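Participant: Can you keep this structure in mind? I'll have questions shortly.
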């Protein structure tokens, strides 16, 4: 694999991980009861 292929693979993995973390934060915002817990979920 060339350097460009590795960079595309690493970039795609970072985007996928960021999307997963954003989804988990969104679920936390919906499910947690009060505003302090919601802020904590969104900042993690």
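Numbering (this note's numbering), first residue to last: 362 to 405.
Every residue gets a Cβ at the ideal spot worked out from N, C-alpha and C, and that includes glycine.
All figures in this text were calculated on a predicted structure; none of them were measured in a lab.
(1) Along the chain, where does the alpha helix (DSSP H) containing residue 390 start, and where does it finish?
(2) I'd like to know whether the C-beta atoms of residue 389 and residue 402 end up nearer to each other than 7 Å.
(3) From residue 400 to residue 385, what does the alpha carbon distance come to, in whole angstroms?
Facilitator: Per the coordinate set shown:
(1) 364-392
(2) yes
(3) 13 Å
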